[in-house]
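Using numbering that gives the first Met the number 0, read the sequence shown as starting at 0 and increasing by one per residue.
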Amino acid sequence: MINDYIKKLIFVLLLILIIYLTYLALPFAIAIGKFILRIIVPFLFSFAIAFILQPVVVFFQKFIKNRICAVLIVLLLFTGLL
0 MINDYIKKLI FVLLLILIIY LTYLALPFAI AIGKFILRII VPFLFSFAIA
50 FILQPVVVFF QKFIKNRICA VLIVLLLFTG LL
């Protein structure tokens, strides 16, 4: 009986300790998350733009037969649209 009580008490105390430590670490974790997002977001935008423009490059490559020229034309057109 007392052994079960002690186990429950230890469990509750550990749970309270974990909640408190999480509360203390939350601002630090948010700061790290913001820092990581500032690094990752430009890469995500680059991948999205490359994914969207890849079919256009293939389309121009059929006519020009040179991938570098096709990429340059697509990039010039894309920057012109912006």
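C-beta: ideal position from N, C-alpha, C; glycine also.
Given the structure is predicted, the values throughout are model-derived calculations rather than measurements.
Leu80: member of the alpha helix (DSSP H) spanning 66–80, first to last residue.
It is roughly 28 angstroms from the alpha-carbon of Arg37 to the alpha-carbon of Val70. Between the segment 71–81 and the segment 52–62 there are three or more C-beta pairs closer than 8 angstroms, enough to call the two in contact. For Phe59, same chain residues with a beta-carbon under 7 angstroms away, outside a window of 5 residues either side, are Ala69, Ile72, Val73 in chain order. A distance below 8 angstroms between beta-carbons, with the five flanking residues on each side excluded, links Leu16 to no residue of its chain.
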